[in-house]
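What follows is a set of notes on a single structure, which appears directly below.
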Amino acid sequence: MATITIDTVGKYEDQNVTISGWLTHKRSSGRIHFLVLRDGTGTMQATLIQGETDEQTLKVYTELTQESSLTVTGTIRKDKRAPGGYEILVSGIEVLQIAEDYPIAPKEHGVGFLMDHRHLWLRSPRQQAILRIRHAVVNAARKFFDDQGFTLLDAPIFTPSSCEGTTTLFETEYFGDRKAFLSQSGQLYMEAGAMAFGKVYCYGPTFRAEKSKTRRHLTEFWMIEPEIAFADLETVMKLAEALMVAIVEGVIKTRQHELELLGRDIKMFEKIQPPFYIISYDEALQILKDAGESFPWGEDFGGGHETIISNHFDKPVLIHRYPAQTKAFYMKNDPHRPEVALCVDMLAPEGYGEIIGGGQREDDPAILKEKIRKADLSAESFDWYLDLRRYGSVPHAGFGLGIERAVAWLCGLEHVRESIPFPRLMDRLYP
Ligand code: 4AD
Ligand code: MG
């Protein structure tokens, strides 16, 4: 007898099989009893019939509670009325464990309660759909870079210095006398990698001690960060666009069912084709003004502003050349307009806001040294970084895509917390 998984039942019509899983729920209608079984690959109906199924099995059925683990034996039958088109006519049930009272009942729960039970909440269809889409996003992004000859280079998590500003740095003791910081971005290491391999990317967790409780901020999030030697702002704007197209294509190709379960409109995603909208910071400012927002030149956009700008477009929009003063020390200033940086942010539509940040890097050793000094960063811990400009400096550029922000948009989530298996927020470190 074959031991099978639910995703393959179609191949076993009229055959006797066993399936292991968990009980989602059960219900009875007269002489017929139904179990809804979940095994990680899908859910299906298991049927017992009074008078036909043996007494012992019927007794076991009555004892089963929600989320009990079990192995079911029976015959696969085609049944139009069954969800998925097949059911298993049960001849035997082996119980692995009768579950205690399951805290997540099939009723409404508050987000706080569900987040406290995140380890169990992952079993629900909606959470599985989101996290399967996340997997597809990561796969598509990595395949995109692999196919274009990028080398995967893992960046360290313990770092000696800040990369994205000292105010959001997590600090930890490093063997008593020294301090280490949790990486805010792998970028600086990717710059070293680009000088060795030409085109590199890293994919890993990054950390920000963001004291903001917004729907866009996690304290631990995952980024994919490409970096290219002999490249400028234009190169990475094109690359960011091509990456997002590849991600959307990958997701609609492999996860249509999950997108539908989440109520997403596939047609909207099919429109995510090049060219994306490209505007300057100054033009973005005009959009804000037209929307009645007074916004001074020289400041970075807040979440609310990004929402207004991104609602303005039906596809992602690339905003380039922000005021240099709002951006990180490593950005190269535009030689034609030194008050702006050669940088770009990509904003997702539907009000989702920034999903990508990047640009061209400062490649002049003297200017970079001065920028490090002005940013109040320790010259010592950046000496290695300056070496990249001392020994064969070349124009180079890159960006970072925040995986959770992208998943939140693709899945239409209200908050990034559902886009990662175990979110870390300012007020959440459990489970
Ligand atoms: O714009 P950011 O801060 O850029 C960098 O870290 C660059 N060093 C990347 C590079 O050029 N290699 O972050 C990049 C992206 C953002 O666009 C956003 O999608 C995501 O990372 N991100 C966050 N996601 C969740 N929670 C947070 N607190 C995030 N901060 C940034
Ligand atoms: Mg940014």
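According to our numbering, the residues represented by the sequence shown are 285 to 715, in order. Glycine included, each C-beta is placed from N, C-alpha and C at the ideal position.
| Query | Result |
| --- | --- |
| Does the beta-carbon of G637, which I'm using as the reference point, lie nearer than 7 Å to any heavy atom of ligand 2? | no |
| Is I593 near ligand 1, judged by its Cβ being under 7 Å from some heavy atom? | no |
| Any heavy atom of ligand 2 closer than 7 Å to the beta-carbon of Y641? | According to the sequence displayed, residue 641 carries Gly and not Tyr. At least one heavy atom of ligand 2 is nearer than 7 Å to the Cβ of G641, so yes. |
| Going along the chain, which residues of its own chain have a beta-carbon closer than 8 Å to the beta-carbon of D667, five neighbours each way excluded? | none |
| Should the stretch 375-390 be called in touch with the stretch 339-349, which here means at least 3 C-beta pairs below 8 Å? | yes |
| Sort out for me which residues DSSP pairs I303 with in a bridge. | V356 |
| Which residues bound the beta strand (DSSP E) around Q329? | T327 to I333 |
| Going by beta carbon distance, what residues of the same chain come within less than 7 Å of R674, once the five residues before and after it are set aside? | P649 |
| Tell me whether the beta-carbon of Y370 lies closer than 8 Å to the beta-carbon of V293. | yes |
| Taking 8 Å as the cut-off, does the stretch 558-568 touch the stretch 512-530 (at least 3 CB pairs, one atom from each stretch)? | yes |
| From this set, F465, F579, K427 and P444, which residue's C-alpha is nearest V535's C-alpha? | K427 |
| Quick one: give me the first and last residue of the beta strand (DSSP E) that A513 is part of. | E504 to A513 |
| Output the boundary residues of the beta strand (DSSP E) element that contains I640. | G637 to Q644 |
| Any heavy atom of ligand 2 within a distance shorter than 7 Å of the CB on D323? | no |
| What first and last residue would you give for the beta strand (DSSP E) that runs through H317? | I316 to R322 |
| Going by the beta-carbon positions, is the gap between E509 and S469 smaller than 8 Å? | yes |
| Is it buried or exposed for S594, if we count other Cβ within 10 angstroms and need 16 for buried? | buried |
| How is V678 classed by DSSP in three states: helix, strand or coil? | coil |
| Identify which residue in A612, A575 and N617 has its Cα closest to the Cα of L517. | N617 |
| Might you give, ordered along the chain, the residues of its own chain that have their beta carbon closer than 8 Å to the beta carbon of D711, omitting 5 neighbours on each side? | K497 |
| Rounded to whole angstroms, how far is the Cβ of S341 from the Cβ of I377, which I believe are closer than 8 Å? | Strictly speaking, residue 341 in this sequence is Thr, with Ser absent from that position. Indeed they touch by this definition, with Cβ atoms about 5 Å apart. |
| What is the DSSP secondary structure of Q432, counted as helix, strand or coil? | coil |
| Assess, as a yes-or-no matter, whether the stretch 535-544 is touched by the stretch 431-438 under the definition of 3 or more beta carbon pairs within less than 8 Å. | no |
| With the cut-off set at 8 Å, would you say Q644 and L626 are in Cβ contact? | yes |
| In the structure shown, what three-state DSSP assignment does A690 receive? | helix |
| Tell me the DSSP secondary structure of P718 in three-state form. | Outside the displayed range of the chain (285 to 715) lies residue 718, so it cannot be described from this structure. |
| If you run the structure through DSSP and keep just helix, strand and coil, what is K310? | strand |
| Check whether the stretch 324-343 and the stretch 390-398 touch, using three or more Cβ-Cβ pairs below 8 Å as the test. | no |
| Regarding L502 and ligand 1, is the C-beta to nearest heavy atom distance less than 7 Å? | yes |
| Look up S665 in the DSSP assignment and say whether it is helix, strand or coil. | helix |
| Under the DSSP definition of a beta bridge, which residues are partnered with R226? | With the chain running from 285 to 715 in the structure shown, residue 226 is simply not present. |
| For E475 and F429, what's the separation of their Cα atoms in angstroms? | 16 Å |
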